[in-house]
Amino acid sequence: MNDRTESGGADVAGSVSVADSAPAAGRPPAGPKAGGARVGSVRRPVTRRPAPGRSALRSGGWTPWLYLAPALVVLGGLLVYPIYQLGLISFFEYTQAQVSGGAPTTFQGFANYAELFGDPQFWQVLLATVLFAAACVVSTLAVGCALAVLLTRVRAVPRLALMLAALGAWATPAVTGSTVWLFLFDPDFGPVNRMLGLGDHSWTYGRISAFFLVLLEVVWCSFPFVMVTVYAGIRAVPAEVLEAAALDGASQWRIWRSVLAPMLRPILVVVTIQSVIWDFKVFTQIYVMTNGGGIAGQNMVLNVYAYQQAFASSQYSLGSAIGVVMLLILLAVTLVYLRLLRRQGEEL
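As numbered in the numbering used here, the sequence shown has no gaps in its residue numbers, which increase by one up to the final residue, 437.
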């Protein structure tokens, strides 16, 4: 009985397997159908590749660009088109005669740049601009980072007072701030000369003292951005890391140099690039505090020099060439700085 049952079961199983494996008479062998492939008695779905050119659209690859499209249109109108016009004017002869329509506009090629680079005053102004901007950037970062660390050490009330004072300096217009600083250092009525016992000393007469006065005003109106940004980064650092460094006997300077600065490097990159851009193109403070560039142009920077060439001398093409040179310098500095950071393995 058991032998029959086992042999009968084997026969049935064999017949079923043979029936499944052998194609029925008059029918083609089972093959892939729409919607899946038949493997034995199990259907497996067939993965279909999307048509080329439609995968990014279906997977949502264009969705971020659609959201950014309005902002890109605005930036294109406010930045790209003016830069294009600036570069275009720099290749033409464009003076007051062309503006008024009294003379035709003629193509000059690189003649404006050749005239600009052949002017010794341009190189003097460029050197002064680079040195002044470097001093402003270093001073702004030093003051902003020091006050950011100080904010983490004081209580709530002094912290709030310092934040409000810094934001007040940040919100003050450049013209207003420059005028206030001129009054503070005025040789006749300024309180700084009275406190220091300098009498009627004029801070804007000498070249170095005038640059130093403008540097103080630039740092005063720029350090709040660095302070608030770095302070936010310090608050994001785990407290256990700082406590461990303090327990190891590290000083505040050692903690900043070996712990905080490496962890805050991406933030420091942002504030450094922003400071370089802002301080390299300073105009209002120099123009207001030195009365258009100082005595005989001794305190002139590139932005003021471009203004003098374009509007005081009606050489709009030369002013545009100076603007293009400034743009290329800022792009080169930013790209070199980012390249150096990428070589060090920093993620931005």
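We put the beta carbon where it would ideally sit given N, CA and C, even for glycine.
- In this structure L175 touches V413 by the C-beta definition: roughly 6 Å separates them, less than 8 Å.
- Between the C-alpha atoms of L216 and L285 there is a straight-line separation of about 32 Å.
- Per DSSP, reduced to three states, the secondary structure at Q197 is coil, with no helix or strand assignment.
- Using a Cβ-Cβ distance cut-off of 8 Å, the segment 347-365 and the segment 258-272 are not in contact, since fewer than three pairs of beta carbons, one from each stretch, lie closer than that value.
- In the DSSP assignment, I384 falls outside any alpha helix (DSSP H), carrying neither H nor E.
- By the criterion of at least three beta-carbon pairs nearer than 8 Å, the segment 389-405 is in contact with the segment 179-190.
- A distance below 6 Å between beta-carbons, with the five flanking residues on each side excluded, links Y320 to the following residues of its chain, in chain order: A237, L240.
- Here T184 is bridged, per DSSP, to Q404.
- Secondary structure at F211: helix, using DSSP grouped into helix, strand and coil.
- Under the three-state reduction of DSSP output, Y426 falls in the helix class.
- Put simply, the backbone Cα of Q197 is about 30 Å away from that of Q387.
- About 7 Å separates the beta carbon of F181 from that of T195, a gap short enough to meet the 8 Å contact definition.
- For A192, the secondary structure class from DSSP, reduced to helix, strand or coil, is coil.
- Here P276 carries a coil assignment [DSSP, helix/strand/coil].
- M389 is a Cβ neighbour of I375, given a cutoff of 9 Å.
- When DSSP states are grouped into helix, strand and coil, Y156 belongs to the helix group.
- Of all C-beta pairs linking the segment 362-369 to the segment 413-423, three or more are shorter than 8 Å, placing the two stretches in contact.
- For G257, the enclosing alpha helix (DSSP H) has its first and last residue at 245-260.
- A contact between stretches requires three or more CB pairs, one per stretch, nearer than 8 Å, and the segment 216-235 meets this requirement with the segment 302-316.
- An exposed status is given to I297, since fewer than 16 other beta-carbon atoms sit within 10 Å of its beta-carbon.
- A direct Cα-to-Cα measurement between L416 and A160 gives close to 22 Å.
- The C-beta of Y170 has fewer than 16 other C-beta atoms within 10 Å across all chains shown, which makes the residue exposed.
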